[in-house]
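Using my numbering, you'd call the opening residue of the sequence shown number 170 and step up by one each time.
For every residue, glycine included, the Cβ atom is placed at its ideal position computed from N, Cα and C.
These notes are about the structure you will find just below.
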Amino acid sequence: MSGLIGHTMYGILALKAAKGRGLAVTPLIERHLPSFLCGAYLGCDIQVMPEAVCADTGREVGFGTVPLDKSPITGGAVKPWTLEHDGRKYRPKEIHELFYGRAHLVFGWSKEDMPLRVPWDHLADYCALAIRDEMSSERGLAYALGWMVHMVGDSLIKSIQPGIRMHLLDGVYTPRNRIVQDQFTYHTIGGELGIDWVKTFRDMAATPVETIQPHYMRVDAKRGKLAEVFDAGWKPELQPLLAAVLAENRRWLPHHTEDVLRVVQRDSEEAKRVSGGLEFEAMNEMAESAGMRNTLVIIAEQCADLMEHTIAQVPEWRDLPRQPAQGWDKLKRA
Numbered sequence: 170m171s172g173l174i175g176h177t178m179y180g181i182l183a184l185k186a187a188k189g190r191g192l193a194v195t196p197l198i199e200r201h202l203p204s205f206l207c208g209a210y211l212g213c214d215i216q217v218m219p220e221a222v223c224a225d226t227g228r229e230v231g232f233g234t235v236p237l238d239k240s241p242i243t244g245g246a247v248k249p250w251t252l253e254h255d256g257r258k259y260r261p262k263e264i265h266e267l268f269y270g271r272a273h274l275v276f277g278w279s280k281e282d283m284p285l286r287v288p289w290d291h292l293a294d295y296c297a298l299a300i301r302d303e304m305s306s307e308r309g310l311a312y313a314l315g316w317m318v319h320m321v322g323d324s325l326i327k328s329i330q331p332g333i334r335m336h337l338l339d340g341v342y343t344p345r346n347r348i349v350q351d352q353f354t355y356h357t358i359g360g361e362l363g364i365d366w367v368k369t370f371r372d373m374a375a376t377p378v379e380t381i382q383p384h385y386m387r388v389d390a391k392r393g394k395l396a397e398v399f400d401a402g403w404k405p406e407l408q409p410l411l412a413a414v415l416a417e418n419r420r421w422l423p424h425h426t427e428d429v430l431r432v433v434q435r436d437s438e439e440a441k442r443v444s445g446g447l448e449f450e451a452m453n454e455m456a457e458s459a460g461m462r463n464t465l466v467i468i469a470e471q472c473a474d475l476m477e478h479t480i481a482q483v484p485e486w487r488d489l490p491r492q493p494a495q496g497w498d499k500l501k502r503a
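Shown next as structure tokens:
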């Protein structure tokens with residue numbers, strides 16, 4: 170799916186799965202839901218920025234690291250977009266290479282930083298240590314729980330970790346089927362759950378940067394329990410650049426949201442083109458038949474697994490009473 174629709178839905182469903190288990194952190198998440206959902210997207214995807222500039226209008230266009238041959242505004246030429254910081258210009262690909270793996274932990278590292286990758290079976294250990302170092306901000310903790318959702322969702326849907334056996338159109342996660350996943354998730358599942366997507370995205374974009382993000386990315390001063398166990402790869406000299414990147418992510422998110430909302434419309438010609446000529450009804454039926462509902466449920470439950478394993482290692486959370494479990498229907502069709 171598009172990162173925006175997919176990861177936002179993973180967050181919404183992960184909360185349902187967590188409430189279904191009565192996890193103690195669910196009231197915290199609900200008090201800071203926009204930050205939780207923002208963490209489920211921007212907590213990892215640091216490439217949310219323009220890719221190019223329309224030569225005819227001077228307007229920024231596109232999505233960082235996704236090649237753009239012509240302007241979506243005029244059809245004319247585009248020029249490379251750069252983030253200017255401290256006298257240097259950075260292309261989105263450079264930013265991706267510097268920070269993507271640091272946010273995703275289990276994959277996405279540049280070749281030289283591969284030794285810093287966190288094994289899947291130690292992910293809860295890492296998350297718990299980072300969280301224990303930053304317990305003072307409840308909103309920041311909600312953001313970090315969203316970050317955890319992103320790592321699980323990406324790892325499963327991109328087959329970094331086993332667990333998803335869906336074959337939709339031409340695979341599990343492909344350039345053609347991502348728009349099919351988007352249409353189904355946005356219209357069908359979003360409709361069933363009564364999601365106000367426009368408000369949800371607007372509220373996410375309005376949330377502030379959280380200090381826990383540079384810490385879990387090992388881009389602040391080497392400190393705390395996280396540094397005691399994961400002592401390699403700390404680069405505090407990158408913190409000013411990361412701060413500029415995170416600010417840019419929030420600046421560009423409303424613009425990216427407009428692009429996503431345009432493409433996901435039922436009558437979108439771009440969606441039809443990308444999917445290979447499919448109309449909305451065909452996409453919807455295809456997603457149902459392929460088991461997209463079950464895919465979303467698997468991701469949500471594994472997100473709740475990571476939350477539960479992390480809670481067990483955070484004394485301040487482990488000692489909290491469980492909430493009354495609120496069963497959820499796991500997206501069963503009415």
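Where the alpha helix (DSSP H) through residue 484 begins and ends: For the purposes of this step, residue 484 is taken as residue 315 along the sequence shown, with counting starting at 1. Start and end: 484-487.
Rounded separation between residue 389 and residue 402 - CA only: Counting from one through the sequence shown, the residue named residue 389 turns up at place 220. Counting from one through the sequence shown, the residue named residue 402 turns up at place 233. Each residue's alpha carbon lies about 11 Å from the other.
Have a look at residue 262 and residue 415 and give me their C-alpha separation to the nearest angstrom. In the sequence shown, counting from the first residue as 1, residue 262 sits at position 93. In the sequence shown, counting from the first residue as 1, residue 415 sits at position 246. When rounded, the separation of the alpha-carbon atoms in residue 262 and residue 415 is 15 Å.
Sub-7 Å separation of residue 464 and residue 283 beta-carbons: The sequence position of residue 464 within the sequence shown is 295, counting from 1. The sequence position of residue 283 within the sequence shown is 114, counting from 1. Residue 464 places its beta carbon 7 Å or farther from that of residue 283.
Within 10 angstroms of its Cβ, does residue 170 collect 16 or more other Cβ (buried), or is it exposed? The residue labelled residue 170 in the question sits at position 1 within the sequence shown. The predicted model places residue 170 with a pLDDT of 45, which falls under 50 and marks its position as unreliable, so this point remains unresolved.
Helix, strand or coil: which one does DSSP assign to residue 189? To locate residue 189, count along the sequence shown from 1; it is residue 20. Reduced to three states, the DSSP call for residue 189 is helix.
The beta strand (DSSP E) that contains residue 213, what's its start and end? As a first step, residue 213 is located in the sequence shown; it is residue number 44 there, counting from the start. Where residue 213 is concerned, there is no enclosing beta strand (DSSP E), because DSSP gives it neither an H nor an E.
Sub-7 Å separation of residue 211 and residue 346 beta-carbons: Indexing the sequence shown from 1 puts residue 211 at position 42. Indexing the sequence shown from 1 puts residue 346 at position 177. Cβ distance not < 7 Å, so residue 211 and residue 346 don't count as in contact.
Under the assumption that residue 497 contacts residue 189 (Cβ atoms under 8 Å), give the Cβ distance between them as a whole number of angstroms. On the sequence shown, residue 497 is found 328 positions in, with the first residue counted as 1. On the sequence shown, residue 189 is found 20 positions in, with the first residue counted as 1. Cβ-Cβ separation between residue 497 and residue 189: approximately 5 Å, consistent with a contact (criterion under 8 Å).
Under the three-state DSSP convention, the category residue 230 falls into: Along the sequence shown, one-based indexing puts residue 230 at 61. Three-state result, residue 230: strand.
Assign residue 379 to buried or exposed, taking buried as 16 or more other Cβ atoms, counted over all protein chains shown, within 10 Å of its Cβ. Numbered from its first residue, the sequence shown carries residue 379 at position 210. Buried is the call here.
Residue 427 to residue 441 span [Cα, whole Å]: Here residue 427 corresponds to residue number 258 of the sequence shown, with the count starting at 1. Here residue 441 corresponds to residue number 272 of the sequence shown, with the count starting at 1. Distance between the alpha carbons of residue 427 and residue 441 is about 18 Å.
May I have a chain-ordered list of the beta strand (DSSP E) segments no shorter than 3 residues that lie completely inside the stretch 308-332? Listed in chain order, nothing qualifies, since the stretch 308-332 has no complete beta strand (DSSP E) run of 3 or more residues.
Going by other Cβ atoms of all chains shown within 10 Å of its Cβ, with 16 needed for buried, is residue 203 buried or exposed? Mapped onto the sequence shown, residue 203 falls at position 34. That one is buried.
Pick out whichever of 472, 411 and 338 has its Cα sitting closest to the Cα of residue 443. Within the sequence shown, the letter at position 274 stands for residue 443. If you compare the alpha carbons of 472, 411 and 338 with that of residue 443, the shortest gap goes to 338.
Within 10 angstroms of the Cβ of residue 367, are there 16 or more other Cβ atoms? Answer buried if so, exposed if not. The residue given as residue 367 occupies position 198 in the sequence shown. Counting the other CB atoms within 10 Å of its CB gives residue 367 a total below 16, which places it among the exposed residues.
Quick one: grab the DSSP three-state call for residue 170. Here residue 170 refers to the residue found at position 1 of the sequence shown. With a pLDDT of 45 at residue 170, under the threshold of 50, the predicted position of this residue should be treated as unreliable, though the coordinate-derived value follows. In this structure, residue 170 counts as coil in the three-state DSSP scheme.
Which ranges does the alpha helix (DSSP H) cover as unbroken runs of at least 4 residues, wholly within the stretch 430-501, from first to last along the chain? You should have 438-443, 449-459, 461-480 and 484-487.
Is the stretch 391-408 touching the stretch 309-328, taking contact as three or more C-beta pairs under 8 Å? At 8 Å Cβ cutoff, the stretches do not touch.
So, are the CB atoms of residue 207 and residue 273 less than 7 Å apart? Here the question's residue 207 lines up with position 38 in the sequence shown. Here the question's residue 273 lines up with position 104 in the sequence shown. Result no, Cβ atoms of residue 207 and residue 273 do not sit closer than 7 Å.
Between residue 214 and the ligand COA, is the CB less than 6 Å from at least one heavy atom? Inclusion of the ligand COA in the displayed structure is not the case, the ligand content being empty and no account of it being possible.
Residue 247 in three-state terms, based on DSSP: Within the sequence shown, residue 247 is the residue found at index 78, counting from 1. Under the three-state reduction of DSSP, residue 247 is assigned to strand.
Give the single residue among 246, 350, 316 and 175 whose Cα lies nearest to the Cα of residue 475. Within the sequence shown, residue 475 is the residue found at index 306, counting from 1. The shortest C-alpha separation from residue 475 is found at 316.
Rounded to whole angstroms, how far is the Cβ of residue 468 from the Cβ of residue 326, which I believe are closer than 8 Å? Reading the sequence shown from its first residue, position 299 is the one you call residue 468. Reading the sequence shown from its first residue, position 157 is the one you call residue 326. Yes, residue 468 and residue 326 are in contact; Cβ-Cβ is about 7 Å, under 8 Å.
To the nearest angstrom, report how far apart residue 433 and residue 286 are at their CA atoms. One-based indexing of the sequence shown puts residue 433 at position 264. One-based indexing of the sequence shown puts residue 286 at position 117. Distance from the CA atom of residue 433 to the CA atom of residue 286, rounded to whole angstroms, is 34 Å.
Tell me where the beta strand (DSSP E) around residue 515 begins and ends. Only positions 170 to 503 of the chain appear in this structure, which leaves residue 515 out of reach.
Residue 242: buried (16+ other C-beta within 10 angstroms of its C-beta) or exposed? Looking up residue 242 in the sequence shown gives position 73. Counting C-beta atoms within 10 angstroms of its own C-beta, residue 242 has fewer than 16 neighbours from the protein chains shown and is therefore classed as exposed.
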